[in-house]
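Step one of this worksheet: look at the structure below.
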Ligand code: AMP
Ligand code: MG
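Numbering (my numbering), first residue to last: 262 to 571.
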C-alpha cells in the first residue's frame, strides 16, 4: 500500500514537470502527459513518432472534472452511467474556455475523452489538477503495450517512468463513439457495440475509416508486429508462426495459442503480447486462423486486418 502511494507520488512529480510517463490501464498501457500543457503533449507526439493530425484521447477521473472542458449531452450521460469507468471513449464538443492544449485535438472543436477503470490510473488522476492525454504506449503503427516490459521494449530510456500496474485485463484499446450528433462508432474496441446499442435502444452506425484525419497517402498500417501477417489461414506455410484459438490434437513448435478454449475475451487479452512474442522468437511471418467475428472477436479481426497491411 505504502509503495503504491509513493509510486503515484513519483508519477505525479514527473507529470507536474511536463514529462511523459507510462500508465497502466485496463485496455492497454498509455503514454501520458498533462493535457493542458503544450510541452507535454508535443513530447507525446515526438516519442510515439505520431503524426500531429491524429488527435489524442484525454483521460479524466470523473464527469465533474470533465465538465470544465466539454459540453455533455443525454447520450453521453446514459453511456457514462452504464459503462464508465471502462473501455469506452466519447467524442464530445470542446468548451471555448477549455484549457486543453490545441495539439491534443489537432485544433478541432471536439475532444475524445475516457474514464479508465484501472485502480492505479484512477488514483493518479484523482491526485492531479489536470487531465491526462494518453495514447497507447507504443511507437506509431506498432503493437500496443499490455505490460511494463512491453513499454520498455518500445521506448527504453526515452521515457522517465513507468507506473507498473501489472498486465492489462482487456488487452485491446477502447471503443470510440462520436456523440457530437447521431452516435457513430469510430473504432471497435474493448466494449461490445451490442451493449451500447442496448443502452441507447437503437442500432448504431460504424464508420471506422479515418480518411479525413490521416494525411493523404499515409499507410493504413496499424497494430503491426513489424513482420507480415495473414488472416483466416487454414494451415501455416514453411517458416510461419501459426496463431490458434482452439487446441489442436497435435501441436508443433510454431503453434501459438491466443486461447485453447476458443475464448474470445482471453484471445483479446493475449493478442498483442502473443504477436510480440512471436516476433521476438525470431519468426518472419505470421499466419492466424479464422477468428469468430462476434463480440470482441470483431475487435480482434479489426486489429489483425490493420496489422496485415504490412
Ligand atoms: P490511440 O490514442 O492510439 O488509442 O488512438 C486514438 C484514436 O482516437 C485515434 O484513432 C483518433 O483518430 C481518435 N480520436 C481522438 N480524438 C478524436 C476526435 N476529436 N474526433 C474523432 N476521433 C478522435
Ligand atoms: Mg494506438
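Backbone N, C-alpha and C fix where the C-beta goes; we use that ideal spot for every residue, glycine too.
Remember, predicted model here, so these are calculated numbers, not experimental data.
Closest by CA to residue i, which one among the options?
| i | options | result |
| --- | --- | --- |
| residue 357 | 437, 331, 378 and 444 | 331 |
| residue 518 | 548, 294 and 500 | 548 |
| residue 551 | 539, 371, 284 and 520 | 520 |
| residue 430 | 288, 389 and 351 | 288 |
| residue 290 | 545, 523 and 413 | 413 |
| residue 394 | 296, 425 and 428 | 296 |
| residue 567 | 342, 546, 525 and 404 | 404 |
Compute the Euclidean distance between the alpha carbons of residue i and residue j, then round it to the nearest angstrom.
| i | j | result |
| --- | --- | --- |
| residue 571 | residue 489 | 5 Å |
| residue 422 | residue 444 | 37 Å |
| residue 563 | residue 268 | 35 Å |
| residue 281 | residue 311 | 15 Å |
| residue 365 | residue 496 | 44 Å |
| residue 345 | residue 375 | 8 Å |
| residue 542 | residue 446 | 36 Å |
| residue 569 | residue 334 | 38 Å |
| residue 522 | residue 513 | 18 Å |
| residue 479 | residue 318 | Reliability of the predicted coordinates at residue 479 is poor, the pLDDT of 45 falling under 50, and the value obtained from them is presented with this limitation in mind. One C-alpha to the other measures close to 21 Å. |
| residue 373 | residue 483 | 19 Å |
| residue 475 | residue 350 | Low confidence applies here, because residue 475 scores a pLDDT of 42, under 50, leaving its location unreliable; read the following figure in that light. Straight-line Cα distance between these residues: approximately 19 Å. |
| residue 535 | residue 556 | 20 Å |
Run through the DSSP bridge pairs and tell me what residue i is partnered with.
| i | result |
| --- | --- |
| residue 548 | 491 and 503 |
| residue 450 | Looking at the DSSP assignment, residue 450 forms no beta bridge with any residue, so it has no partner. |
| residue 354 | 332 and 371 |
| residue 293 | 282 |
| residue 485 | 403 |
| residue 522 | 507 |
Between residue i and the ligand AMP, is there a pair consisting of the residue's CB and a ligand heavy atom that are separated by less than 7 Å?
| i | result |
| --- | --- |
| residue 402 | no |
| residue 458 | no |
Say the cut is 7 Å; is the CB of residue i nearer than that to a heavy atom of the ligand MG?
| i | result |
| --- | --- |
| residue 397 | yes |
| residue 485 | no |
Legend entry - Any 3 or more C-beta pairs closer than 8 Å across the segment 498-517 and the segment 459-468: no
Inset, instruction - Determine contact between the segment 386-402 and the segment 317-329, defined as no fewer than three beta-carbon pairs at a distance below 8 Å. - result: yes
Inset, instruction - Could you say if the segment 397-407 and the segment 298-311 meet the contact criterion of at least three C-beta pairs nearer than 8 Å? - result: yes
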